[in-house]
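A.B. asks: Chains A and B are the protein sequences, given in the same order. Using our numbering, the final residue of the first sequence is 121, and nothing's skipped along the way. Using our numbering, the final residue of the second sequence is 592, and nothing's skipped along the way. Handing you a structure now.
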Amino acid sequence: MTPTIPILRVRGHLLVSVQGELGDDVVEQFQNDVLSAIERDRGRDGGLLVDISGLEVVDTYVARVLADTAAMARLMGRHTVVCGMRPEVAATLVQMGYMLDGVETALDVDDGLDRLGLPR
Amino acid sequence: MDPSLTEVLQFDEHQLRTRLAFFRIGEEELDRLAAMRPLMEEATAQIVSLFYEHLLSQPETRDFLDDPVLVDRLQAKQTAYFLQLFEGRVDLAYVENRFRVGAAHERLGVPPRWYIGAFDRYLGLVRERLIGRGVAGAELVADLAAVERIMHFDAALAIDAYVAGHLATHARNQAALRELASPVIRVHDRVLLLPLVGTIDSFRAQQVMESALLGVSEEQARVLILDIAGVAVVDTQVADHLLKTTAALRLLGAKTILTGISPQVARTIVELGVDLKTLHTRNKLSDGLELALSLVGREITDKERGS
Chain A
2 MTPTIPILRV RGHLLVSVQG ELGDDVVEQF QNDVLSAIER DRGRDGGLLV DISGLEVVDT
62 YVARVLADTA AMARLMGRHT VVCGMRPEVA ATLVQMGYML DGVETALDVD DGLDRLGLPR
Chain B
286 MDPSLTEVLQ FDEHQLRTRL AFFRIGEEEL DRLAAMRPLM EEATAQIVSL FYEHLLSQPE
346 TRDFLDDPVL VDRLQAKQTA YFLQLFEGRV DLAYVENRFR VGAAHERLGV PPRWYIGAFD
406 RYLGLVRERL IGRGVAGAEL VADLAAVERI MHFDAALAID AYVAGHLATH ARNQAALREL
466 ASPVIRVHDR VLLLPLVGTI DSFRAQQVME SALLGVSEEQ ARVLILDIAG VAVVDTQVAD
526 HLLKTTAALR LLGAKTILTG ISPQVARTIV ELGVDLKTLH TRNKLSDGLE LALSLVGREI
586 TDKERGS
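This is how it looks when you write it as structure tokens:
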């Protein structure tokens, strides 16, 4: 069975923390789950925060799916922020030419919730 | 005490045998050298003094020997060194001694060319002695060959020490340079400054990116000011590196402000068609600092106005 990534609903916002190593099937499942969670949540205008501080390695496929998911969530009207990327992951992605343009980023979950406009 | 140079250079018994074989120094050569010793003992004083006469007659080497006390001491050392050639024994202690001689010359800044040149003078003086001895033919040729081989063997060891010395200096400089290359300074809560000075090549650009990313991650900084006022040349490659660093910092969730952009650099960037539109840029570092503070919700105000 494919392990699933839990999606938490926190005060109208969706919070996802991606941990460990991501296989291709897990990433695809993740995209589906996030999009259906947004659909179920229709009518709300909260944001989506994806924490990737638990990811030590991000390959090009995972990077693309993350960027795509963020773009899709945005299209569905969700303010989307990716947070907690590790320095070595950022360096690798940029060296490979993956700038993830258009994806809003934040330092950590705290910073990300600020971006989503959640009061402290 | 310093570690022995034979250890540092990993010169062991095996190396010694290999090298002696390569220079074709065997029992026969060593025996010949030992047999020459009485003659050379007799001639040492004169050979060493003629040798120094040569060094002092050349402007290139004279500069290293401007102190008479030093010359006296060196002459004494030289005598010991010279006679050791005719010990008829080459072991690791011998090698260590030769390494030390080479290292001492390297420290004094005597370039290898004068070292080799001086060596040739030595060889010439010994050759004259052997020829003047009155033994001719095959014996003379074999004796000369033995002397040449041991002296070339010595010179090779000295060069090894030279190279090792240079490499050590180089490594020290590299380390110092690495520390200076990309200092990340915390100028305010969540605001970092990375001033760049000098030339940026791809190796250094990589370091800059690493320190910027680590700095931001450790300090949880929101803004990093990259000041390039001290960067001599900004070409497409440098601009590309700067863009990549900015992009990587953005992935972490931090903003980059590029400051210190001179008219010349601005012209280069526009002419190169590099797209820096997505960047926050400022001419002066002070302006960049104000922008950085505003990004973290602070501002610099006059004391007067506040009261």
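Glycine is no exception: its CB is placed at the ideal position from the N, C-alpha and C atoms. It should be emphasised that the depicted structure is a prediction, and the values quoted were computed from it without experimental measurement.
Could you name the residues of the same chain whose beta carbon sits closer than 7 Å to that of K529 (chain B), not counting the 5 residues immediately before and after it, in chain order?
C.D. replies: Residue numbering aside, residue 529 (chain B) sits at position 244 when the second sequence is read from its first letter. Excluding residues within five positions, the ones whose Cβ falls inside 7 Å are M494.
A.B. asks: Under 7 Å between beta-carbons, which chain A residues line up against G538 (chain B)? List them in chain order, please.
C.D. replies: Numbered from 1 along the second sequence, position 253 holds the residue referred to as residue 538 (chain B). Correct list: C84, T106, A107, L108, D112.
A.B. asks: If the cut is a Cβ gap below 7 Å, which residues of chain A does A532 (chain B) touch?
C.D. replies: On the second sequence, position 247 is the one that residue 532 (chain B) refers to. Chain A residues near A532 (chain B): V95, M100.
A.B. asks: Extract the residue ranges of the alpha helix (DSSP H) inside the region 388-472 of chain B, only unbroken runs of 4 or more that lie entirely within it.
C.D. replies: Entirely contained in the region 388-472 of chain B, the alpha helix (DSSP H) runs reaching 4 residues are, in chain order, 397-417, 422-466.
A.B. asks: By alpha-carbon positions, which one of A:V83, A:V95, A:E89 ends up nearest to D112 (chain A)?
C.D. replies: Position 111 of the first sequence holds residue 112 (chain A). Cα-wise, what sits closest to D112 (chain A) is A:V83.
A.B. asks: Over what stretch of residues does the beta strand (DSSP E) that includes E105 (chain A) continue unbroken?
C.D. replies: For this step, residue 105 (chain A) is matched to residue 104 along the first sequence. Segment 105-107, the beta strand (DSSP E) holding E105 (chain A).
A.B. asks: State the Cα-Cα distance for the pair F31 (chain A) and G582 (chain B), rounded to the nearest angstrom.
C.D. replies: Start at 1 with the first residue of the first sequence, and residue 31 (chain A) comes out as number 30. Start at 1 with the first residue of the second sequence, and residue 582 (chain B) comes out as number 297. F31 (chain A) and G582 (chain B): Cα-Cα distance of roughly 35 Å.
A.B. asks: Report buried or exposed for L554 (chain B), applying the criterion of at least 16 other Cβ atoms within 10 angstroms of its Cβ.
C.D. replies: Taking the second sequence and counting its residues from 1, one reaches residue 554 (chain B) at position 269. Just to set this straight, residue 554 (chain B) is Ile in the shown sequence, not Leu. With 16 or more other Cβ atoms within 10 Å, it is buried.
A.B. asks: Does DSSP put K588 (chain B) in a helix, a strand or coil?
C.D. replies: Numbered from its first residue, the second sequence carries residue 588 (chain B) at position 303. If DSSP states are grouped into helix, strand and coil, K588 (chain B) belongs with the helices.
A.B. asks: On a Cα-Cα basis, can you pick out the residue from B:R358, B:F367, B:R374 that is closest to V411 (chain B)?
C.D. replies: For the purposes of this step, residue 411 (chain B) is identified with residue 126 of the second sequence, where counting begins at 1. Measuring from the Cα of V411 (chain B), the nearest candidate turns out to be B:F367.
A.B. asks: Would Y99 (chain A) and A64 (chain A) qualify as a contact pair, given that the criterion is a beta-carbon distance under 8 Å?
C.D. replies: For this step, residue 99 (chain A) is matched to residue 98 along the first sequence. For this step, residue 64 (chain A) is matched to residue 63 along the first sequence. Yes.
A.B. asks: DSSP on S547 (chain B), reduced to helix/strand/coil?
C.D. replies: The residue labelled residue 547 (chain B) in the question sits at position 262 within the second sequence. DSSP places S547 (chain B) in coil when its eight states are reduced to three.
A.B. asks: Does the structure place the region 514-534 of chain B close enough to the region 495-502 of chain B that three or more beta carbon pairs sit under 8 Å?
C.D. replies: Flag = yes, the region 495-502 of chain B and the region 514-534 of chain B touch.
A.B. asks: Can you grab the Cα-Cα spacing for the pair L23 (chain A) / G47 (chain A), in whole Å?
C.D. replies: Against the first sequence, residue 23 (chain A) aligns to sequence position 22. Against the first sequence, residue 47 (chain A) aligns to sequence position 46. Cα-Cα distance, rounded: 26 Å.
A.B. asks: Mind reading off the beta-carbon distance from A38 (chain A) to L15 (chain A)? Whole number of angstroms is fine, and I expect it under 8 Å.
C.D. replies: To locate residue 38 (chain A), count along the first sequence from 1; it is residue 37. To locate residue 15 (chain A), count along the first sequence from 1; it is residue 14. Yes, A38 (chain A) and L15 (chain A) are in contact; Cβ-Cβ is about 6 Å, under 8 Å.
A.B. asks: Could I get the ranges of all uninterrupted beta strand (DSSP E) runs contained in the region 494-537 of chain B, with 3 residues as the minimum, in chain order?
C.D. replies: Correct list: 508-516.
A.B. asks: My output table needs one value for V476 (chain B): the three-state DSSP class, helix, strand or coil.
C.D. replies: Locating residue 476 (chain B) in the second sequence gives position 191, counting from the first residue. Looking at V476 (chain B) - three-state DSSP - the assignment turns out to be strand.
A.B. asks: Using a Cβ-Cβ cut-off of 8 Å, state whether L499 (chain B) counts as contacting chain C.
C.D. replies: Included in the structure are the protein chains A and B, with no chain C among them.
A.B. asks: Cα-Cα, which of B:E381, B:L576, B:Y407, B:R434 is closest to F307 (chain B)?
C.D. replies: Reading the second sequence from its first residue, position 22 is the one you call residue 307 (chain B). With distances taken between Cα atoms, F307 (chain B) lies closest to B:R434.
A.B. asks: Is it true that the CB of F384 (chain B) sits closer than 8 Å to the CB of R322 (chain B)?
C.D. replies: Start at 1 with the first residue of the second sequence, and residue 322 (chain B) comes out as number 37. Start at 1 with the first residue of the second sequence, and residue 384 (chain B) comes out as number 99. Not in contact: R322 (chain B) and F384 (chain B) (Cβ atoms no closer than 8 Å).
A.B. asks: A91 (chain A) touches chain B at which residues, Cβ-Cβ below 7 Å?
C.D. replies: Working through the first sequence from its first residue, we reach residue 91 (chain A) at position 90. L498, A533, L536, L537, listed in chain order.
A.B. asks: Taking L297 (chain B) as the reference, give the member of B:D376, B:G573, B:G422 with the closest Cα.
C.D. replies: Your numbering for residue 297 (chain B) matches position 12 in the second sequence. Looking at the sequence itself, residue 297 (chain B) is Asp, so the reference to Leu does not match. Of the listed residues, the one whose Cα sits closest to D297 (chain B) is B:D376.
A.B. asks: How about the region 479-498 of chain B and the region 517-525 of chain B: do they share at least three Cβ pairs that are nearer than 8 Å?
C.D. replies: The answer is yes - the region 517-525 of chain B touches the region 479-498 of chain B, with three or more Cβ pairs under 8 Å.
A.B. asks: Assuming E391 (chain B) contacts G450 (chain B) under a Cβ cut-off of 8 Å, what Cβ separation, rounded to an integer in Å, is found between them?
C.D. replies: Against the second sequence, residue 391 (chain B) aligns to sequence position 106. Against the second sequence, residue 450 (chain B) aligns to sequence position 165. That pair is a contact at about 4 Å.
A.B. asks: Along chain B, which residues have their Cβ under 7 Å away from the Cβ of P88 (chain A)?
C.D. replies: Residue numbering aside, residue 88 (chain A) sits at position 87 when the first sequence is read from its first letter. Residues of chain B passing the Cβ test: L498, L499, S502, L537.
A.B. asks: Using beta carbons (cut-off 8 Å, strictly below), is Q505 (chain B) in contact with chain A?
C.D. replies: The count along the second sequence starts at 1 and reaches residue 505 (chain B) at position 220. Yes, because at least one Cβ of chain A sits closer than 8 Å to the Cβ of Q505 (chain B).
A.B. asks: Within the chosen definition, does the region 85-102 of chain A reach the region 50-63 of chain A through at least 3 CB pairs nearer than 8 Å?
C.D. replies: Result yes; three or more Cβ-Cβ pairs closer than 8 Å.
A.B. asks: Look at the Cβ atom of L324 (chain B), then the Cβ atom of R418 (chain B), and state whether they are nearer than 8 Å.
C.D. replies: For the purposes of this step, residue 324 (chain B) is identified with residue 39 of the second sequence, where counting begins at 1. For the purposes of this step, residue 418 (chain B) is identified with residue 133 of the second sequence, where counting begins at 1. Contact flag set, yes.
A.B. asks: Can you tell me the Cα-Cα spacing of R475 (chain B) and I513 (chain B), whole angstroms?
C.D. replies: Taking the second sequence and counting its residues from 1, one reaches residue 475 (chain B) at position 190. Taking the second sequence and counting its residues from 1, one reaches residue 513 (chain B) at position 228. Going by the C-alpha atoms only, they are around 20 Å apart.
A.B. asks: Which residues mark the beginning and the end of the alpha helix (DSSP H) in which I53 (chain A) is found?
C.D. replies: Indexing the first sequence from 1 puts residue 53 (chain A) at position 52. No alpha helix (DSSP H) contains I53 (chain A), which is instead part of the beta strand (DSSP E) from 49-55.
A.B. asks: Quick check: what's the CA-CA separation for H437 (chain B) versus D352 (chain B)?
C.D. replies: Along the second sequence, one-based indexing puts residue 437 (chain B) at 152. Along the second sequence, one-based indexing puts residue 352 (chain B) at 67. Cα-Cα distance, rounded: 29 Å.
A.B. asks: Suppose the cutoff is 8 Å on Cβ atoms and the five residues either side in sequence are ignored; what does the same chain contact list for L275 (chain B) look like?
C.D. replies: Residue 275 (chain B) lies beyond the range of chain B shown here (286 to 592); nothing can be said about it.
A.B. asks: So L570 (chain B) is in the alpha helix (DSSP H); what residue range does that whole segment cover?
C.D. replies: Taking the first residue of the second sequence as position 1, residue 570 (chain B) is located at position 285. Counting along the chain, the alpha helix (DSSP H) containing L570 (chain B) begins and ends at 570-580.
A.B. asks: Tell me the rounded alpha-carbon separation between A461 (chain B) and G483 (chain B).
C.D. replies: On the second sequence, residue 461 (chain B) is found 176 positions in, with the first residue counted as 1. On the second sequence, residue 483 (chain B) is found 198 positions in, with the first residue counted as 1. If I take the Cα positions, the gap works out to 15 Å.
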